[in-house]
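Numbers given in my numbering equal positions in the sequence shown, counted from 1, plus 44.
The beta carbon of each residue, even a glycine, is placed where N, CA and C say it ideally should be.
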Amino acid sequence: MDVVAALRGYSQATRHIQIDTVMTGAFAVERFHGREAMNESFRFEIDVLSSEPFLDLGSLIGSAARLRLATGAGERCWNGYVTHAAYADTDGEITRYRLTLESWLAFLHLRRNCLYFTELDTAGICDRVFGDYPEAHWRYETSEAQRTYALRGQYRETDHAFVLRLLSEAGLSFHIEHAQDAGGSKPSGNHTVVIADRRAAQKKGASIAFHIQDVGDPDGVITQFTQRHQWVPDQVVATSWKASEVQALAGQAQAEADPDAPMLPVREVYDGQRAGRFDTTAQAQLYAAQRLDALRLPKTVHDGAGTARTLEVGKVHTLTGYLNQPHTFVPLSIEHEAVNNLGADIGALLQRGELAAGHYRNRFIAVPEGVPIVPPHIDRPVVHGVQTAIVVGEPNTRVSSTRDHQVRIQFPWMRGIAPLSGGLTDTASRSNPDGHAPGNHRSGVLARVAEQAAGPNFGHAYTPRVGAEVVVGFDSGNIDLPVVLGQVYGGRVKPPFAAGEGSGANHPGTLTGMQTQTLDGQPGSRWVMDDAAGQLRHELGNSIAESRLAQGYLIDQQGTMRGAYRGEGFELSTQGWAVARAGEGVLVSSTARPNATSTQMDLVESAGQLAQAVKTAQGLDTAATGATAGGLGGNQAQADFLKAIDPSQDGKYTGPVSGQDATKPVGKQRSGGDPVERFATPAVVFESPANLVFTTPNSAVAYAAEHVHLTAQGDAHFAADATVAGASGEAVSFYGASGGFKIVANHGPVTVESHTSTMEVLADQSVQISSTEDRIDVLAKDTIVLQQGPNRITLKGADITVETPGQFQVKSGSHAFVGPAGASPNLAPLRDSRVQAFDEGFVLKDRDSGKPAAFRPYRITLANGDVQHGVTDELGHTHVVKTLASEILKIDVEG
């Protein structure tokens, strides 16, 4: 028989299975096998026949196609797209091809993306994804409120896997409805993905009769309908950590027990796998309920089979004629199989007899009407390892963070209007052309910053600056929960203490620490630990007023370079103000403690020296008081001060401190010895085994509201280059216990005055007042009295009165009165009135320091030998010497 002629002799219109493709009339359907199900894309494998052995199938790929199956009321259509077309086999006359018909959801397998979605719910994210597929048609039938996500990431997932995961997490199912457009001339491929939640109303499908065997009903019947029961979990508990509120959110769902079921243990599914899943407890509760419904879906299902051609997934069908009552059910999956009625001759030639020609049958799984349909849980992919990202923020700012120590970041793989350097601006998306890389504070990727220590108002705090490259990990491997783990150097970002090859540093990498910057990019604060062999150093510094604290081997460090040697020990320096405050006392001592033994406020040397001073002052006070001189009124204050700091008196702890015994170690014991020293009053003590020096080129001021007590075991010296002035609000008393008392004025007068009371000069023996070169003047406004015992001479007004109980003698010598005579007068020279046209002064400076030599005595020798003396002022200036002619001056610094 001519098989080709037989195939051509029948029109496709006479067959109960037909297919419409872009290659009109090229194929006749031999058979097909297909599957459609809830939460799946349908797939039909269709064997078609053609008399053309070398058809070019390339035009079929991605094109719309329509598969039609005859029913009692007309035809049932499955619309889709050809995703696979291949040659199957041939007998030399008839060629068999196999076509695969799938939903537009199959296209979602072909795109794999890395993308963030911000401030969208599940429907909004699906709209963005589906919007890039022109073939896509979808709608929502939901009644439960959907959660809006601050951040949702698709990372190295296909669009198909990503969408199914989103729907699973939201408890949303979908099925596909096909446009019944059999009358159309061209295949449209039109079908709609219907997304619904568990509470959505389900559409009614056809009523189908039950028969033991196929009775020839044009719409078919159900020949098998059984019920299957399965043991399933009965409780779900879902928890998740919410970092912003520092609490765990939990939800629980418990199924009602079947009244006739035996007593069984609780079959709990505890889901606590990751953080950040819920914003509220209500969301956790909803998730637990949805998860329980998904787990209990297979508890009671129906297995069925038959020839019903109107059976559809996701619709409520009614089964009649079964067990004398109607049964309503919703198919979850249907597997179709059909063979076309190609004619007896062709059927015999093809010899494919698994299913009789012109027949259709199916198998299905269904659940009773009213059972919540929720997709099974799909785990999200895990992000392995860490990545790097760049911190972004407000334009023209260096720091842009939240109250909870979070920064916005942008990964190199993020595409958009402002990607990282070298990144992509083309997002390959018509629904989201701007992408997700804004390059500023609009970035939705908000990452927590991990610290070595973090707690309620304690811990480390370092905020990565805008533009910094950070290392990012992911909490629970979740792309939606980035955590900044640290910061890295590289490229244009160099370490502050760079070392090694190519660094230009003069050390191999001995510097460790931290360098900060101000918000305008200038150096800020610095912490350096220098591990150079034999030159250990620790330094804290700040660029404000060049303030720093250095310990150990002191050098002048500039940037990454180890500079000149400055000394060893401890240095606190600033070009600004410096203040040391201590509420309970300050001890400054240069007495060494070998190996840092003893305790913080150990001042045994100071206490001993001060005790000696108290003893000396008390002895002098006793002597002065006995001599009717003024006593030392500050002695008691000095003794009280010694009592407050002396550890043998009040200068020690008297009990435990914060629960620890405040005593010194004894042997190998940490306590049990003498009490630890402390000041009983907030005092400042300076102590040195050598010298204490206070100097200033300007003025020094000391003030005490009560006593100023100076005690010296040896000599006390007061020297002033100009004037020593002392003032007292009451009395002034000077007492010398064993030596004399001397007041000497080298050039000027000595003046002792008593303004309102009596002045007395008293001595147990004699008082001698002498003038070796001039005279002694004794002046009084009214009376001068000279008295020795009972003898008295009184000078009052114009009178001189001599009083004595004994003999009064006046002795005189002879005096010759000569006659007139003449002599030359010795007159003082007149002042030189000639114009002194030349003048010169000097400025004296220290040879080593270059500073002015202030208040230094000097002498200037003129050319004629005259000598002029003087003292420099505070700027080192001498007086100006004026001469008639130019001459050489010689200056000598005295002292």
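Going by DSSP in three states, residue i sits in which element: helix, strand or coil?
{"i": "Asn368", "result": "coil"}
{"i": "Lys840", "result": "strand"}
{"i": "Ser520", "result": "helix"}
{"i": "Phe541", "result": "coil"}
{"i": "Asn157", "result": "strand"}
{"i": "His255", "result": "coil"}
{"i": "Ile137", "result": "The question names Ile, but residue 137 in the sequence shown is Glu. If DSSP states are grouped into helix, strand and coil, Glu137 belongs with coil."}
{"i": "Glu96", "result": "coil"}
{"i": "Ala498", "result": "strand"}
{"i": "Phe944", "result": "Given that the chain is displayed from residue 45 to residue 939, the structure contains no residue 944 and the question cannot be resolved."}
{"i": "Trp275", "result": "coil"}
{"i": "Asp968", "result": "No answer is possible for residue 968: it lies beyond the span of the chain, which begins at 45 and ends at 939."}
{"i": "Ala292", "result": "strand"}
{"i": "Gly511", "result": "coil"}
{"i": "Phe76", "result": "strand"}
{"i": "Phe151", "result": "helix"}
{"i": "Leu355", "result": "coil"}
{"i": "Ala657", "result": "helix"}
{"i": "Ala462", "result": "coil"}
{"i": "Val572", "result": "strand"}
{"i": "Thr186", "result": "coil"}
{"i": "Val207", "result": "helix"}
Among the residues of its own chain, which have a CB less than 6 Å from the CB of residue i, if the five just before and after it don't count?
{"i": "Val710", "result": "Gly716 and Gly717"}
{"i": "Gly53", "result": "With a pLDDT of 47 at Gly53, under the threshold of 50, the predicted position of this residue should be treated as unreliable, and no value is reported."}
{"i": "Asn385", "result": "Arg59, His60, Ala401 and Gly402"}
{"i": "Glu590", "result": "Gln619"}
{"i": "Thr344", "result": "His273"}
{"i": "Ile453", "result": "Ala433, Val435, Val489 and Ala491"}
{"i": "Val313", "result": "Pro277 and Val280"}
Can you say whether residue i is buried or exposed, counting buried as having 16 or more other CB atoms within 10 angstroms of its CB?
{"i": "Glu931", "result": "exposed"}
{"i": "Val280", "result": "buried"}
{"i": "Thr134", "result": "exposed"}
{"i": "Asn234", "result": "buried"}
{"i": "Tyr533", "result": "exposed"}
{"i": "Asn123", "result": "buried"}
{"i": "Leu563", "result": "exposed"}
{"i": "Tyr131", "result": "exposed"}
{"i": "Val701", "result": "exposed"}
{"i": "His735", "result": "Checking the sequence, you will find Asn at residue 735 rather than His. With fewer than 16 Cβ atoms within 10 Å of its Cβ, Asn735 is classed as exposed."}
{"i": "Gln812", "result": "exposed"}
{"i": "Arg183", "result": "exposed"}
{"i": "Pro849", "result": "exposed"}
{"i": "Glu773", "result": "Note that residue 773 is Gly in the sequence shown, not Glu. Result: exposed."}
{"i": "Ser946", "result": "For the chain, the structure presents residues 45 to 939; residue 946 sits outside this window and is missing."}
Which residues in the same chain as residue i place their Cβ atom closer than 7 Å to its Cβ, once the five residues preceding and following it in sequence are excluded?
{"i": "Ala549", "result": "Ala542, Ala543, Thr604 and Met605"}
{"i": "Tyr609", "result": "Ile599"}
{"i": "Phe762", "result": "Val768"}
{"i": "Leu944", "result": "It is not possible to answer for residue 944, since the shown part of the chain is limited to 45 through 939."}
{"i": "Val207", "result": "Leu152, Cys170 and Val173"}
{"i": "Gln496", "result": "His504"}
{"i": "Met573", "result": "Thr556, Gly557 and His582"}
{"i": "Pro370", "result": "Thr362, Leu363 and Thr364"}
Just to confirm my understanding: we take residue i, look at its own chain, exclude 5 residues before and 5 after, and list those with CB closer than 8 Å. What are they?
{"i": "Val925", "result": "Asp883, Glu884, Gly885, Ile904, Leu906, Gln912 and Leu933"}
{"i": "Ala655", "result": "Leu686 and Asp690"}
{"i": "Val443", "result": "Gly437, Thr507, Arg509, Val510 and Leu563"}
{"i": "Ser377", "result": "Arg79, Glu80, Ala81, Met82, Glu84, Val357, Phe408 and Ile409"}
Quiz item: Which runs of the beta strand (DSSP E) fall wholly inside the region 580–655 and span at least 3 residues, in chain order?
Solution: 581–586, 591–599, 609–617 and 630–633
Exercise. State whether the region 215–227 contacts the region 410–421, with contact taken as three or more CB pairs (one from each stretch) at a distance under 8 Å.
Key: yes
Quiz prompt | contact_flag[the region 479–496, the region 518–538] where n(CB pairs < 8 Å) is 3 or more | solution = yes
Practice problem: May I ask you to verify whether the region 144–152 touches the region 74–89, counting CB pairs closer than 8 Å and requiring at least 3? | Solution: yes
Exercise. Pair every Cβ in the region 722–729 with every Cβ in the region 690–697, then say whether three or more of these pairs are closer than 8 Å.
Key: yes
Practice problem: Note down, one range per segment and in chain order, each beta strand (DSSP E) of at least 3 residues found wholly within the region 702–782. | Solution: 707–710, 713–719 and 728–731
Exercise. Determine contact between the region 61–79 and the region 94–105, defined as no fewer than three beta-carbon pairs at a distance below 8 Å.
Key: Yes, since at least three Cβ pairs between the region 61–79 and the region 94–105 fall closer than 8 Å, the two stretches touch.
Quiz item: With contact counted as at least three CB pairs below 8 Å, one residue from each stretch, are the region 424–442 and the region 269–283 in contact?
Solution: no
Practice problem: Inspect the CB distances between the region 343–363 and the region 406–413 and report whether three or more fall short of 8 Å. | Solution: In short, these stretches touch, since the Cβ pair count reaches three.
Quiz item: Going along the chain, which unbroken runs of the beta strand (DSSP E) with 3 or more residues stay wholly within the region 315–352?
Solution: 344–350
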